[in-house]
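Down below is the structure, laid out as structure tokens.
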């Protein structure tokens, strides 16, 4: 599935103050939506019949639909454009989806695309009043760096869930190559049937770790998502004991992304 909004034109480049207003409105909408989910939507969903798995699935699909609505809102109001190549390959049972992390809303895109997916999210979101309720209902996994986190992620994959992981653990510093932690490789070796990389490119950069939301670029931002070929984790598991296999898989993924992002830079106008 390839999705794209209209290309950037000179008219949209000039609409700086409108895009600033639309960005502020988008973040206000996101915060109010998270609060509404916590105090209204999820309590109502909890009254519906079904077991724990059914409740979890409803919660994840609700979050996925709302995240995609949020992305479409940002696109319709002129904040961003996007293109997604290969989305039909995402969301398979036991699939671990990994991605580089250049922007704050990368996870919003991916959860909006893969609406039944589990996700490893940073621990600070569990302390945020706008996101704590939805995270509990969806049973996403807190990235606290513990062995329990690795076990929970591996169990989710073995249970047939698809899992979204950002191996960097935080957003990439602008101008720097992504630096992957070995936790993602360890999870893949323990539980993933397939490992699928997604390369994310944002031009111009925005919502990085060094930029507040109101420091918007002087032209509309374009997000590009490219889904790569599947990787068989067992091919690396056969290379040696778990620590050695994890290191080799992590090195492979690191070089893969350096190459993919370098190709993006060379092809950029």
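Residue numbers (full-length UniProt numbering): 1 to 269.
Idealized CB from N, CA, C, for every residue including glycine.
Proximal residues to residue i (C-beta, below 6 angstroms), its chain only, five neighbours per side dropped
i: residue 160; result: 93 and 94
i: residue 254; result: 180
i: residue 209; result: 171
i: residue 158; result: 191
i: residue 285; result: With the chain running from 1 to 269 in the structure shown, residue 285 is simply not present.
i: residue 252; result: none
i: residue 260; result: 199
i: residue 91; result: 114 and 162
Residue environment, residue i, which counts as buried when at least 16 other CB atoms sit within 10 Å
i: residue 76; result: exposed
i: residue 67; result: buried
i: residue 146; result: exposed
i: residue 175; result: exposed
i: residue 17; result: exposed
i: residue 267; result: Here residue 267 scores only 47 on pLDDT, less than 50, and its place in the model is too uncertain to base an answer on.
i: residue 46; result: exposed
i: residue 9; result: Bear in mind that the predicted position of residue 9 carries a pLDDT of just 46, short of 50, making it unreliable; the figure below should be weighed with that in mind. Per the 10 Å Cβ criterion, exposed.
i: residue 120; result: buried
i: residue 105; result: buried
i: residue 231; result: buried
i: residue 54; result: exposed
i: residue 288; result: In the structure displayed, the chain extends from 1 to 269; residue 288 sits before or after that span and is not available.
i: residue 162; result: buried
i: residue 37; result: buried
i: residue 127; result: exposed
i: residue 124; result: exposed
i: residue 197; result: buried
i: residue 235; result: exposed
Integer-rounded CB distance, given that residue j should sit under 8 angstroms from residue i
i: residue 49; j: residue 200; result: So it is not a contact: roughly 38 angstroms between Cβ atoms.
i: residue 30; j: residue 69; result: Contact flag wrong, Cβ pair sits at about 10 angstroms.
i: residue 282; j: residue 153; result: Because the chain spans 1 through 269 in this model, residue 282 falls outside it and cannot be assessed.
i: residue 189; j: residue 151; result: About 13 angstroms separates the two Cβ atoms, so there is no contact after all.
i: residue 164; j: residue 114; result: 7 angstroms
i: residue 258; j: residue 184; result: The Cβ separation is near 16 angstroms, so there is no contact.
i: residue 227; j: residue 86; result: 3 angstroms
i: residue 122; j: residue 143; result: 5 angstroms
Contact with chain B by residue i, beta-carbon distance below 8 angstroms
i: residue 256; result: The structure shown contains no chain B; it holds only a single protein chain.
Cβ shell of residue i (< 7 angstroms), same chain only, five flanking positions each side left out
i: residue 182; result: 246, 247 and 250
i: residue 56; result: 138 and 139
i: residue 206; result: 103, 216, 217 and 221
i: residue 239; result: 245 and 248
i: residue 51; result: none
i: residue 262; result: none
i: residue 15; result: 78
Residue i CB to nearest heavy atom of the ligand ATP below 7 angstroms
i: residue 218; result: This structure simply doesn't include the ligand ATP, nor any ligand for that matter.
Own chain residues within Cβ distance below 8 angstroms of residue i, not counting five before or after
i: residue 214; result: 20, 23 and 24
Would you mind listing the beta strand (DSSP E) stretches within the stretch 30-117 that are 3+ residues and don't spill past its ends, in chain order? Correct list: 80-85 and 95-99.
Could you pull out every unbroken beta strand (DSSP E) segment of at least 3 residues lying fully inside the stretch 214-263, listed in chain order? Runs of the beta strand (DSSP E) inside the stretch 214-263: 221-227.
With three or more beta-carbon pairs closer than 8 angstroms as the criterion, would you say the stretch 222-232 touches the stretch 77-89? Taking one beta carbon from each stretch, the stretch 222-232 and the stretch 77-89 have 3 or more pairs nearer than 8 angstroms; the two touch.
Ignoring anything shorter than 3 residues or poking outside the stretch 150-227, list the beta strand (DSSP E) runs there in chain order. 163-165, 194-203 and 221-227, all fully within the stretch 150-227.
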